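Counting from -8, one number per residue, gives the positions in the sequence shown under the working numbering.
Here the structure is laid out as structure tokens; the discussion comes afterwards.
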Amino acid sequence: MNLFCRKSYLMILPEIMFWIGCAVIIVGIILRLYSVLTLERSFTVSVQVDLDQKIIQTGPYRYIRHPAYSGSILSLIGIALALRSIIVTITIIAVIYRYRIKIEEKILENNFRTHYKEYKKNTKRIIPFIW
């Protein structure tokens, strides 16, 4: 990879970026695990809603609607920093997560209607206090 990106300005980051990237990866993993554990049995790999499911608004879900995705995104950003390859990682993040979140939120809105709309009013999507 380095052979093809040798002249890229984004590849010329200080070596400290490797260690910062590693720290960001760890924070992302911790946030993802905390989010999944907060969901308990509501966590599934496929997008679905169970009959007795409720909107989780505790733990990291108090601040953002998709903290597990935020954790994954942080980890991917950490990988980009550690490997000194930012553009490709950001593109992948934007495409994959935007699509997945759109599907997930549509299903949640259809199943929880006003409860989920209220929840959306009080929380951000991915980045606390921003988006």
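Ideal placement from N, C-alpha and C gives every residue a C-beta, glycine not left out.
None of the values given here were measured: they were computed from a predicted structure.
Tell me which residues share the same chain as residue i and place their Cβ nearer than 8 Å to its Cβ, disregarding the 5 neighbours each side in the sequence.
i	result
residue 108	100
residue 39	98
residue 27	34 and 59
residue 121	115
Thinking just about the alpha-carbon of each residue, which of the options is nearest to the one in residue i?
i	options	result
residue 86	29, 60, 24 and 44	60
residue 20	118, 8, 48 and 68	68
residue 22	66, 9 and 32	66
residue 24	57, 79 and 37	57
residue 64	18, 121 and 11	18
residue 113	11, 5, 48 and 6	48
residue 95	83, 43, 111 and 82	111
Using a threshold of 7 Å, state whether the C-beta atoms of residue i and residue j are closer than that.
i	j	result
residue 46	residue 106	yes
residue 50	residue 29	yes
If I measure Cβ to Cβ from residue i and keep anything under 7 Å in the same chain, skipping five residues before and after, which residues do I get?
i	result
residue 13	69 and 73
residue 103	46
residue 92	57, 60 and 116
residue 82	none
Less than 6 Å between C-beta atoms, sequence neighbours within five positions excluded: which residues of the same chain meet that for residue i?
i	result
residue -6	With a pLDDT of 45 at residue -6, under the threshold of 50, the modelled position of this residue cannot be trusted; read the value that follows with caution. Correct list: empty, nothing qualifies.
residue 37	none
residue -8	Because the pLDDT of residue -8 is 48, which lies under 50, any placement of that residue in the model is unreliable, and the question is left without a value.
residue 84	64 and 67
Quick one: measure Cβ to Cβ for residue i and residue j, integer angstroms, because I've assumed they're closer than 8 Å.
i	j	result
residue 8	residue 75	6 Å
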